[in-house]
Every structure is written in structure tokens, then in C-alpha cells.
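Just below is one structure, and these are the notes that go with it.
There are 2 protein chains.
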Amino acid sequence: MTLISVRPVPFGTGRSVPTLMIMRLSFLTGSGRRRHLDPGETLLWEGEEAIFVANVVSGVMKLSTQTSDGREQILGLAYPSDFIGRPFTETSPYSVEALGEAVVCIFRRLDFERFVHEHARLEHKLLERTLSELDKTRRWMLLLGRFNAEERLATLLLEVASRNTLPIDGNAGQFDDEQFELPMSRQQIADVLGLTIETVSRQFTKFRDEGVIMISGHRTITILRRDVLEALAT
Amino acid sequence: MTLISVRPVPFGTGRSVPTLMIMRLSFLTGSGRRRHLDPGETLLWEGEEAIFVANVVSGVMKLSTQTSDGREQILGLAYPSDFIGRPFTETSPYSVEALGEAVVCIFRRLDFERFVHEHARLEHKLLERTLSELDKTRRWMLLLGRFNAEERLATLLLEVASRNTLPIDGNAGQFDDEQFELPMSRQQIADVLGLTIETVSRQFTKFRDEGVIMISGHRTITILRRDVLEALAT
DNA sequence: CGACGGTTTGAGGGAGATCAATCTGAGTGG
DNA sequence: CCACTCAGATTGATCTCCCTCAAACCGTCG
Numbered sequence: 017m018t019l020i021s022v023r024p025v026p027f028g029t030g031r032s033v034p035t036l037m038i039m040r041l042s043f044l045t046g047s048g049r050r051r052h053l054d055p056g057e058t059l060l061w062e063g064e065e066a067i068f069v070a071n072v073v074s075g076v077m078k079l080s081t082q083t084s085d086g087r088e089q090i091l092g093l094a095y096p097s098d099f100i101g102r103p104f105t106e107t108s109p110y111s112v113e114a115l116g117e118a119v120v121c122i123f124r125r126l127d128f129e130r131f132v133h134e135h136a137r138l139e140h141k142l143l144e145r146t147l148s149e150l151d152k153t154r155r156w157m158l159l160l161g162r163f164n165a166e167e168r169l170a171t172l173l174l175e176v177a178s179r180n181t182l183p184i185d186g187n188a189g190q191f192d193d194e195q196f197e198l199p200m201s202r203q204q205i206a207d208v209l210g211l212t213i214e215t216v217s218r219q220f221t222k223f224r225d226e227g228v229i230m231i232s233g234h235r236t237i238t239i240l241r242r243d244v245l246e247a248l249a250t
Numbered sequence: 017m018t019l020i021s022v023r024p025v026p027f028g029t030g031r032s033v034p035t036l037m038i039m040r041l042s043f044l045t046g047s048g049r050r051r052h053l054d055p056g057e058t059l060l061w062e063g064e065e066a067i068f069v070a071n072v073v074s075g076v077m078k079l080s081t082q083t084s085d086g087r088e089q090i091l092g093l094a095y096p097s098d099f100i101g102r103p104f105t106e107t108s109p110y111s112v113e114a115l116g117e118a119v120v121c122i123f124r125r126l127d128f129e130r131f132v133h134e135h136a137r138l139e140h141k142l143l144e145r146t147l148s149e150l151d152k153t154r155r156w157m158l159l160l161g162r163f164n165a166e167e168r169l170a171t172l173l174l175e176v177a178s179r180n181t182l183p184i185d186g187n188a189g190q191f192d193d194e195q196f197e198l199p200m201s202r203q204q205i206a207d208v209l210g211l212t213i214e215t216v217s218r219q220f221t222k223f224r225d226e227g228v229i230m231i232s233g234h235r236t237i238t239i240l241r242r243d244v245l246e247a248l249a250t
């Protein structure tokens, strides 16, 4: 939570958008509102009208979609400074939900679109962000299409570790990228990786028994053999 | 092949980019070249410098990536009028290869980027195209993460049928979206769907035996029970 | 005709799903 | 401080879908 104060809250394209432009956006639209989300609270519903776009301020959001018979697939995760929402389309192609406690900065989609139209530089940044999001999504396709359970979990652990912003022992400012807290439950991990909760659990146990990771209280992970994980994650 | 003459060759964002702008692009850069590709010929290599961006004129291209140990995953297909390539980045994050005979209209990436910078309207169209490509890619993630073999093939058949531009019996101008030619081999279908060739073949046989499709000479498919496929594909 | 590439069909095995039982730990109330 | 509860996690047993390996089939081309 205290992360907020030490981070800028860039709009649209993360760290690379000039803060000045962000400020002006807030001014012009008058709609850049902070909003707190409880665990499991949904910001956008798949198929519903997409009223908002937003930036993640703190917490982790999941983007997900469902088959007609209710199977869920997580499409991606959004971390602080990530942009979420779908400009230039009426209905949201996926749902956006908070994994844990989260804070987002929301803008009315129409205001945002109008503003983008009038500011080519922001549009360009949004384009670059979207292109790299597309790259990321395609890498995830490789995972879903070709990786086995072990490789999938290794990839996720490294991904979360690289996004890690958890100070150890409440020691604010001290970061240790080999120990971190999982922002999601086993079930949510299973959904992200396209596996079942049992398979995920067995893989955790396997990594623990092999001395690759240490697990404290389900959610706190310490990476002991990063090399092993990296070899698996390609 | 004769399709070419009856279709515009829009640049960057398909049907929605004004032809005028396309013309001007060709003029300015002087590099909008037609290029013929043989089956299996690769236009861009994963990890190599991305020299080109291009538009598909005819044929079908595949975008693919590989794991470190050589397993391939197809990331998507590009049909006539689709944009391919990755502007604003040095190296191509995936390979682009022609499935069959293909013609593309290539532009030097740097020329394209410069031009985009100077033409906000084109940039906007490219952004919209990229956003919808991202949507499409995410739908494919659902397929890879949650669909079984039957559902995957049903999805592909409907996708190809909807892209179908094959006149029946050489009767140009006459289109029948329930009969079409597959632009790829069984092996390529397997790669697209994240399956093996044997599983794909068995599914084809199963659909045929169930009276869902008709198969003539491996590649020509007639959909007899679209409702069944749609129920599976969701 | 024979050769060869792509496809189909068959038999068997394995990774992960499914079904089911047990465990853990945080929260609650006595 | 200790039962009790309950959701989430783990472990076990079994099954199933798809992969793997292998053989047969088919159409094309020399």
C-alpha cells in the first residue's frame, strides 16, 4: 500500500508516459478517480459495456474469460502501473477482477478516447504499450500450448518474482527478489496456467522436495535454485 | 490468386485505412514492394532484426515461436489484408512464414515507423488493429488453455470458413461459406491447435462419421452441421 | 509399376484430470 | 487456552484424453 506514495501513477503506458501528460489528462477529464477494490471484486464484466479504462495503482488484477459451460481461463495479470481496459470498443472482451485488495485509477472510456484522439504522443505510447502487451500474450500462448505443468509453474514463479515488490519482514525499502508473496491462491494459479488445483499443488510439493523452492504458509515463496526454474521456463 | 485484383490492398489496418493514405505511403517511402513467397518460405525470423513490416496480399501466413528445445507453437494466422510485423522494436518476437504460396506487400520497418509518426490517423488505425489483434490472441489462449481436441478443431473450421474466400468450382464471384479449402496441411493444423497430427486426423474422421462435415481430397471441407461446430467452439 | 509425401488407423502408455479423503491454519467462541 | 469450524491446500487412487510409436493407406509423379 505504501508503494503508492513512492511510485508515479502514469497513465496508459506505464513508466514511459510523461507525467505532465498524465496531469493534463486528469485535469481535462476530471474523472481520474481512485477506486478501492476488495478481493474478488470485478471492475469490468466480459460482454458488458466497457465504461472504464484504468491504471493499476496497487494490487494485482486478473483478466479472464469463460467458455459457455463455465470453464475459466485467465488471459493475463495486471500489476501496478499496468493499463487495463479496452479503448475503442463498446463491450469488454474479458472480465477484470481484483485478486486481492487493489487500488485502481479509473477514467471514463469515452473521455479517454477523446483525449487520446487529441494527443498523438499519448496515442503513440498507447500503441507501443499495446504492441508489447500483444507480445506478452503470445509468449503466454507458448506456455499454454506447449509447456507441461512443471514448466508452467516455473514460468509463473519467475514472473511473479520479477514483479515482486514485497519488502521482506516489513522492512520497507529492502527488497529480495528471491523471496516473495504469491498474490493469488492455488486455484487462481491453476486458472492462470490452465491446470487444475491438484496438479499445481503437486508441482509445488515437487519443487519443495527437490530443494528448488521453500514454502512458508502457502503464500510465501523463497527461490533456492533459480537456475533450475530458468532452465524449465526456457 | 485472382482475388488480388478484386480486393484493395489497404495498408496496416485492413479495410478501414483510406486507400489514399496507402497510396501516399507507397509514394513517400518508395518501398512498398510486392513479394512472392513460396510455401514454407520465411519472411521474418524470431529473434532476428525485424527489417520489414508487411501486408498479406494473398495466401495465408503463420506467426510462430519456439521453445528452447524446439517445440513449435503457432501464435496466429494472417490472411489477405492482415498486417504483419512488429513496428517499434528491433528484433522480431516471432517468425512469419508462408503456409502455401503467398504474396505480401512489404515496407521497410523504419520507413513505416517514420511515416506513422507523421500521420496520426494511420497511427490511430494501427492502434485499433493492434487492440483487436490482442483480443483475437486472447481468445486463442482460451482455446489452448481449456478446449479439448474436438472443440479446437471445431473452432478452427469455423474460423477458416469465416475467412473463406474460395469460389466454388472455379466459379469466380460465387462464394459458399459452407464449403472451403483448408489453407494448410494436417501437420500445420496440429501446430496451430497445439495438438499432434494423429489427433487432428482422428477428429476429422470423427466429424465426418458424425455427419458434421464432408471431406473431399483432404483439403476441401463442406460444413453440414454448422450448429454442432458452433456449440463446440463457443 | 514403384517411390514418396501426406494422411489415416491402430495399440499402448503417460501426464494431468477427476473424484475423494485428509490435512492445515486462521478465525471463533467457550 | 483449547475445542470447533471452515476454506484452502495437500495427498492418494483411478481414469481419460491425447501423445507416442508403428503400420497401413492413398494420390501423385517419375
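Listed in order, the protein sequences are those of chains A and B. In terms of my numbering, the first sequence opens at residue 17 and continues consecutively. In terms of my numbering, the second sequence opens at residue 17 and continues consecutively. All C-beta atoms, glycine included, are put in the ideal place defined by N, C-alpha and C.
Asked	Found
Whole-angstrom distance between aspartate 225(A) and glutamate 226(B), CA atom to CA atom	48 angstroms
C-beta neighbour in chain A for glycine 48(B), strict 7 angstroms	no
For leucine 198(B), the three-state DSSP class (helix, strand or coil)	coil
Length of the line joining the Cα atoms of threonine 250(A) and isoleucine 237(A)	21 angstroms
Expected contact under 8 angstroms - CB spacing of valine 112(A) and proline 96(A) to nearest Å	15 angstroms between Cβ atoms; not a contact.
Residue range of the unbroken alpha helix (DSSP H) whose run includes phenylalanine 123(B)	Premise fails: phenylalanine 123(B) lies in the beta strand (DSSP E), 118-124, not in any alpha helix (DSSP H).
Whole-angstrom C-beta distance between leucine 147(B) and threonine 146(A), which should lie under 8 angstroms	6 angstroms
Members of the stretch 229-242 of chain A near chain B, C-beta cut-off 9 angstroms	none
Stretch pair the stretch 49-65 of chain B + the stretch 109-126 of chain B: three plus CB contacts closer than 8 angstroms	yes
Identity of the residues DSSP links to histidine 52(B) by a beta bridge	Val119(B)
Alpha-carbon to alpha-carbon, leucine 211(B) and leucine 248(A)	21 angstroms
Buried or exposed by the 16-neighbour rule on C-beta atoms within 10 Å, applied to glutamate 144(A)	buried
Residues from the stretch 134-155 of chain A in contact with chain B, defined by Cβ distance under 7 angstroms	Ala136, Glu139, His140, Leu142, Leu143, Glu144, Thr146, Leu147, Glu149, Leu150, Asp151, Thr153, Arg154
For phenylalanine 99(B), the three-state DSSP class (helix, strand or coil)	strand
Cα-Cα separation between leucine 198(B) and histidine 234(B), rounded to whole angstroms	9 angstroms
Cβ contact (3+ pairs, closer than 8 angstroms) linking the stretch 117-130 of chain A and the stretch 74-88 of chain A	yes
Three-way DSSP call (helix, strand, coil) for glutamate 246(A) in this model	helix
Residue from Asp151(B), Glu194(B), Pro103(B), Gln219(B) whose Cα sits closest to the Cα of arginine 242(B)	Glu194(B)
Reference glutamate 129(A), options Ser232(A), Ala70(A), Leu150(A), closest by Cα	Ala70(A)
Whole-angstrom distance between glutamine 89(B) and isoleucine 90(A), CA atom to CA atom	19 angstroms
Buried versus exposed call for serine 203(B) [16 or more other C-beta atoms within 10 Å across all chains shown]	For the sequence presented, residue 203(B) should be read as glutamine rather than serine. It counts as exposed.
Cβ pair arginine 218(A), threonine 83(B) closer than 7 angstroms	no
Between the CA atoms of leucine 159(A) and threonine 153(A) - distance to the nearest angstrom	10 angstroms
Contacting positions in the stretch 82-93 of chain B - beta carbon closer than 7 angstroms to chain A	Thr83, Ser84, Arg87, Gln89, Leu91
Three-state secondary structure assigned by DSSP to isoleucine 205(A)	helix
Beta-carbon neighbours of phenylalanine 265(B), restricted to chain A and to distances below 8 angstroms	Because chain B in this structure spans residues 17 to 250, residue 265(B) falls outside the shown range and cannot be described.
Chain B within 7 angstroms of valine 33(A), Cβ atoms only	For valine 33(A), the predicted structure reports a pLDDT of 43, less than 50, and the residue's modelled location is therefore unreliable. A value from the coordinates is still provided. It does not; no Cβ of chain B falls within 7 angstroms.
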